[in-house]
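K.L.:
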Amino acid sequence: MISSDPALLMRVMVAAAMAAVILGLVALATSTNAGKRLAGAATVMLGAVLALAALHAPQIFISAATAVSFGYAALGALVLIRLQEAYGDTELAAIDAADDDAERVGTES
Amino acid sequence: MNAEMGLLAILVLPVAQAALVLACARPPGLRDAVYMLAACASAGVAFFLFNETAHGAQAHVVLARPLPNVDLAFALEPLGAMMALLIGGLGLLHAIHTAGFARATHEKSPVRLMAFMALSSACALGVAFSANLFTMFVALQALTLAAFPLVEHNGDEAAGGAGRLFLAVLLAASIGLFLPAMVWTYAIAGVLDFRPGGVLGGLANPISANLLLVMFVFGIAAAAVPPMHRWLTASRVAPFPALTSMYALTVLPAGCIGVFKVAAFVFGASGLGDAHLAARGLIVLAGAAMCAAALIALSKQDLRERLAYSCLAQSLAAVLGALLALPAGLFAAALQITALMCSAATLLMASGTIAAVTGRTQVSAYPGLGRVMPWTLAGFALASASMVGMPPFAGAWAKLWLIASSSSVGLVWVAVLVGLAAILTFAHLGPMAASALSARAPPDAFIRPDGASFLLVAPVALGAVATLSLLVFANSLSEFLSPVWTPPP
Amino acid sequence: MTASLIEIARAHAPLLLLTTPLLAAALILLAPISRLSWAIGVAAMSGNVFLAMDAATRHLLAGPWGGDGVSPLAFDGLGLAGAAIIACTGALAVIAAGAVMRQFEPRERPLALALSLCVCGGWQGALVAQDLLGVFLASETAWLASVALVSLSSDRGALNGAMRMISAGAASAALFLLGAALLMRGTGVVRMSDLPLAQIAAPMSSAVGAALIVVSLAVKAALAPFHGWLAAALGRTSAFAAIMLASVGVVGALAVTARFAAYAIPAPSLGESVTSVLTALGVASVGIGSLQAIGAANVRRLAAYAGVAQGGGVLLALGLGSPAGFAAALLQMAALAAAGIAVLGGVAASGCKLSVDGLDGLGRRAPLSGAAMLVGALSLMGAPLTLGFLGRWRAIEAAVGVDLWWSAGMIIAASLAGAIYAGRLIERLYFRRAATPTPIQHDPWRVVIFPVLFGSVLALALGLEPSVLLRAAQAASLQIAGEAP
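Chains as they are written, first to last, in my numbering: chain A, 1 to 109; chain B, 110 to 598; chain C, 599 to 1083.
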């Protein structure tokens, strides 16, 4: 039934895409853990790719968006691992506090 | 040397003076000699330019064109030549005095003091010779930055606070008021050039003209029209040579000349007529503030503070004259600026000499000092008489013209305010000078065994002589300055 | 032979601006010695400067020009002007890399240099790309390279900045994609240059799409309220990454924003939403950036917030929607690039502490670095005879020209705030004495940083004699009036 109504399918897809984007943005803005932020970044990118598909963007656009999403995911994962190694934590509050302490005693790059 | 070369030379010489002093920091003898010789050269060039202007020479130097139709340019005209002569002539006396002061007080950073005073002079000359509003804006900004180290010179907490206030008031007014007023003027008139008769007359509607006048007068915070006067009272923490430079030679006179140029060359009589309401309001403000400053000075026991308020009252008289929109008012303003520079320089140098050799800066410590320092205190008394407006000293002619010009347009109350301010000035300077000369000499007056050196006394005495200058030159000066208020045919 | 090679290079200049740095980046990773990598980078960026300046001279200064046709990579007025700014600042930064590379681990030095070239190539690519896909791919290349460059610093604090950049970048990329999808669906065009003449079927969704693209680019340009990542990244990363990010990354994103706005504003139904978003972001950036810069206790963070405020000034000028506003925006971008490179280059050259009190008395201890920072600070505050003043003046003039007095007021307010935070820098440099002076480093390679300080000379020279720059900015901004593609 859904497949017989392309307009409805498009609306459902756009709604799903918007929901993913909004969910991702909220996660990016509010989460206090680097891992959760990375998940938020992945969600927001997924939503954007879905939106492109739903709005019938050119195929090359969708491919490019997917590639960039993977780029963010890969780089984000790398930074997340290094954060864990360097701070022993991925909670952003703890990382900020450690940075503030370091700055107060004057250890700069 | 032609007039253009002279114009360039007078602007460059103080900068060279600063560089030379920095380069010849040691030994102190060489430093002082270089500083005084460069001041002597500046005075010579200033005299040359004055003479050339009197003979009708004109010069226009364009250094850069940072905006379309707007040059960084300087022009030789009578008002600038008069200022140059005053800055050059009094600057020479001040240079000698500074050398003496630095030696007498074992000043920690005399080179820095001298260098920034020289740079301030260059910037004040830039204001005086500016050919357009943009150049004046640049010169005023540069003057603020060059004078800031003078305020902060002592390096203590109080000096730091005063320096920040100085910078905040002058820069904020300049950027927040002068800059938009300048852009607005450019939008209305299409030019920023200074022209006798003004560029705004008949072009700006009354609302714009009124707003513009207010923005310009407050935007030139160096003129210290309240509430922009706080830099002046705060900067009293600076050493005496710096105070002499700021109050008598550079910042305050540059502010007065700035307002003068805006009134004469941007608005002109017809432009000020369009801005009638604002002009009247500012005259009321300047007149009332002039009396208030003279009254507040009476309550101050620290001589630097008292002289700061006294100079403020004198500068407001010059602003008042410029806003009268009359040739007579402009002439009165020019005379008042001359009187302010001569009298304030003499008073501040005399106070500096006294502080250097006796360590006294409180008014209550002055009685009897004239017995042990007759030349210095005589200079102090003569300069005080000029500030008050006693004939035949410079201040008298300025106030006479101010009273006459304001009365001629029916502003009798302005004449009354000028008279009241003169009485109050007498009240805060007269008794002090009289008791200094007449009371019994204090025991152990000097903190230096050898008393005041020639370098500290001679400039004061010569400065006092300068306050008599207008007795001889007032008429010639009127003729000399007449192109300023006479629009070209 | 040489002449024909130059002609070929000229004919393919847009493509070369994008590919030269990327190819050089690949070569650098293969080079066995780090100094050879540096030489390759310098050569590539010098070539880019030649190409960009040559094109700017031919197209912007030589009279009327109709654009470069319909190829996917082509010059237009604002793109060319922006690419020239990026090429110059990028080249100066890469030359300076010779001095600051030792802040990286030896094995990471070629990688850092390669990433910096990707940043330059990416932003230049975004400025010559004709369709939205090209702009997206190029700007994301630049952004991801920037993130990697920031995270390479030996200070672990840089990782925190990098993570914030990933968050901001992902949000920005998603917004761009959404915006592009809505815009393409509503207007049916992919090439930006077709926007002004597009038959817009869905005005509302197209307007939302255009606004989303502007917001997306504003995130990358660190405009308030999306600027948190810049202070975090600049505060603790390496000197080289800081210079690249502030002078190339932020300015590149601003230039791409200007270019997109120049196509969108003349388009029916899009202009109003784009100018509204630009103006709102500009006001927020000027206000928030200025306040945060006044309170900043770290020089790099101060520079970051000052950049936000200056970027706000650029957006306010763009929001005027007039050619004069666009010309003023270009001048402000050039001023921002020069000031950023002078201030951050000065800090890097002196090797001083990054806290603001680390600058105390630096003017005496490191006179050249101090002088560069002085000029940078003067330009930031909009002091007369600097490039910063020129940009502000033209912006105020443009605002008055379209009777937007409040906009002129905002630009003046930004100048006032600039006087406070830049005045504080100057006071520290010349009127304070250091309690515990940081020793100035004397590595012979430090001399290579001085090209970065050349930025301060440019800020002064172009402020004194700006006629060529003004002509170029005016020619570039004619794009908004429809006199160029």
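Positions of the beta carbon are idealized from the N, C-alpha and C atoms, including for glycine.
Out of C:P630, C:A862, C:S770, point me to the one whose CA is closest to P704 of chain C's CA.
P.N.:
That would be C:P630, whose Cα lies nearest to the Cα of P704 of chain C.
K.L.:
With H, G and I counted as helix, E and B as strand and the rest as coil, what does DSSP make of E103 of chain A?
P.N.:
It is helical.
K.L.:
Among B:G270, B:V236, B:M399, B:L386, which has the Cα closest to the Cα of V371 of chain B?
P.N.:
Residue B:V236 is the option with its Cα nearest to V371 of chain B.
K.L.:
Over the uninterrupted beta strand (DSSP E) stretch that includes D180 of chain B, give me the two end residues.
P.N.:
Start and end: 179-185.
K.L.:
Suppose you measure from the CA of V906 of chain C to the CA of S883 of chain C; what does that come to, to the nearest Å?
P.N.:
If you take the alpha carbons of V906 of chain C and S883 of chain C, they lie about 6 Å apart.
K.L.:
Could you name the residues that DSSP lists as bridge partners for Q471 of chain B?
P.N.:
Answer is B:D411.
K.L.:
For V466 of chain B, tell me which candidate among B:F563, B:A542, B:A417 has the shortest Cα-Cα distance.
P.N.:
Checking every option, the nearest Cα to that of V466 of chain B belongs to B:F563.
K.L.:
For L913 of chain C, I'd like the list of residues in its chain whose CB is within less than 6 Å of its CB, leaving aside the five on either flank, ordered along the chain.
P.N.:
Cβ within range, chain order: L876, L879, G880.
K.L.:
Which residue's Cα is closest to the Cα of A94 of chain A: A:R11, A:N33, A:A20, A:V26?
P.N.:
Selected option, being the one with the closest Cα: A:N33.
K.L.:
Grouping DSSP H, G and I as helix and E and B as strand, with all else coil, what is V170 of chain B?
P.N.:
V170 of chain B: strand per DSSP, three-state reduction.
K.L.:
So what's D753 of chain C in DSSP terms, helix, strand or just coil?
P.N.:
Three-state result, D753 of chain C: coil.
K.L.:
DSSP state of A176 of chain B, grouped into three classes?
P.N.:
Note on residue identity: the sequence assigns Leu, not Ala, to residue 176 of chain B. Correct three-state label for L176 of chain B: strand.
K.L.:
Would you say E261 of chain B reaches chain C, if we count a Cβ-Cβ gap shorter than 9 Å as a contact?
P.N.:
By this cut-off, E261 of chain B is an interface position.
K.L.:
From C:A853, C:P864, C:L942, C:V897, pick the residue whose C-alpha is nearest to that of G909 of chain C; which is it?
P.N.:
Out of C:A853, C:P864, C:L942, C:V897, C:A853 has the C-alpha closest to the C-alpha of G909 of chain C.
K.L.:
Could you spell out the range, first to last residue, of the alpha helix (DSSP H) harbouring V806 of chain C?
P.N.:
Unbroken alpha helix (DSSP H) run through V806 of chain C: 801-818.
K.L.:
Could you check the C-alpha separation between Q1072 of chain C and Y72 of chain A for me, to the nearest Å?
P.N.:
Each residue's Cα considered, the two are about 38 Å apart.
K.L.:
Quick check on the burial criterion: 16 or more other C-beta atoms within 10 angstroms. Buried or exposed for L795 of chain C?
P.N.:
Answer is exposed; the Cβ neighbour count stays below 16.
K.L.:
Using a C-beta to C-beta distance shorter than 9 Å, which residues of chain B count as neighbours of G1061 of chain C?
P.N.:
By Cβ distance, chain B contributes A173, P175.
K.L.:
Could I get the ranges of all uninterrupted alpha helix (DSSP H) runs contained in the segment 191-264 of chain B, with 4 residues as the minimum, in chain order?
P.N.:
Listed in chain order, the complete alpha helix (DSSP H) runs (minimum 4 residues) inside the segment 191-264 of chain B are 219-238, 242-260.
K.L.:
Output needed in chain order: residues of the segment 722-745 of chain C with a Cβ under 7 Å from some Cβ in chain A.
P.N.:
Flagged, chain order: L731, F734, L735, E738, L742, V745.
K.L.:
For L667 of chain B versus Q410 of chain B, is the C-beta distance shorter than 9 Å?
P.N.:
Residue numbering for chain B in the displayed model covers 110 to 598; residue 667 of chain B lies beyond these limits and cannot be assessed.
K.L.:
Give every residue of the same chain whose Cβ lies closer than 6 Å to the Cβ of R480 of chain B, excluding the five residues on either side of it in the sequence, and list them in chain order.
P.N.:
Excluding residues within five positions, the ones whose Cβ falls inside 6 Å are A550.
K.L.:
So who's on the other strand from N33 of chain A, going by DSSP bridges?
P.N.:
Paired residue(s): A:E91.
K.L.:
With respect to the alpha helix (DSSP H) encompassing L900 of chain C, which residues constitute its N-terminal and C-terminal limits?
P.N.:
L900 of chain C -> alpha helix (DSSP H) spans 897-917.
K.L.:
With 16 other CB atoms within 10 Å as the buried threshold, where does P1083 of chain C fall?
P.N.:
In this predicted model, P1083 of chain C has a pLDDT of only 40, less than 50, meaning its place in the structure is not dependable; the value taken from the coordinates is given anyway. It counts as buried.
K.L.:
Where do the ends of the alpha helix (DSSP H) carrying R1086 of chain C lie?
P.N.:
Nothing can be reported for residue 1086 of chain C: it is not among the residues displayed for chain C, which extend from 599 to 1083.
K.L.:
Give the secondary structure of S920 of chain C by DSSP, where H, G and I count as helix, E and B as strand, and everything else as coil.
P.N.:
Note: S920 of chain C maps to coil in three-state DSSP.
K.L.:
Does the CB of V12 of chain A have a neighbour CB from chain C at under 9 Å?
P.N.:
No, V12 of chain A lies away from the interface with chain C (no Cβ there is under 9 Å from its Cβ).
K.L.:
Whose C-alpha, out of C:R783, C:G755, C:F1048, is nearest the C-alpha of G696 of chain C?
P.N.:
Closest option to G696 of chain C, Cα to Cα, is C:F1048.
K.L.:
Considering only C-alpha positions, which residue in the set C:V788, C:V941, C:L889 is nearest to A901 of chain C?
P.N.:
It is C:V941.
K.L.:
Could you check the C-alpha separation between I604 of chain C and L735 of chain C for me, to the nearest Å?
P.N.:
Cα to Cα, I604 of chain C sits roughly 28 Å from L735 of chain C.
K.L.:
Identify each residue in the segment 632-646 of chain C for which the Cβ-Cβ distance to at least one residue of chain B is less than 8 Å, and report them in chain order.
P.N.:
Answer in chain order: no residues at all.
K.L.:
Quick one: is N319 of chain B buried, meaning 16 or more other Cβ sit within 10 Å of its Cβ, or exposed?
P.N.:
With 16 or more other Cβ atoms within 10 Å, it is buried.
K.L.:
When you check each C-beta in the segment 685-696 of chain C against every C-beta of chain A, which residues fall closer than 9 Å?
P.N.:
For the segment 685-696 of chain C, which is checked against every Cβ of chain A, not one residue is closer than 9 Å.
K.L.:
Using 10 angstroms around the beta-carbon of V1066 of chain C, count the other beta-carbons present and answer buried if the total reaches 16, otherwise exposed.
P.N.:
Under this definition V1066 of chain C is an exposed residue.
K.L.:
Buried or exposed for L478 of chain B, going by 16 or more other Cβ atoms inside 10 Å?
P.N.:
L478 of chain B comes out buried.
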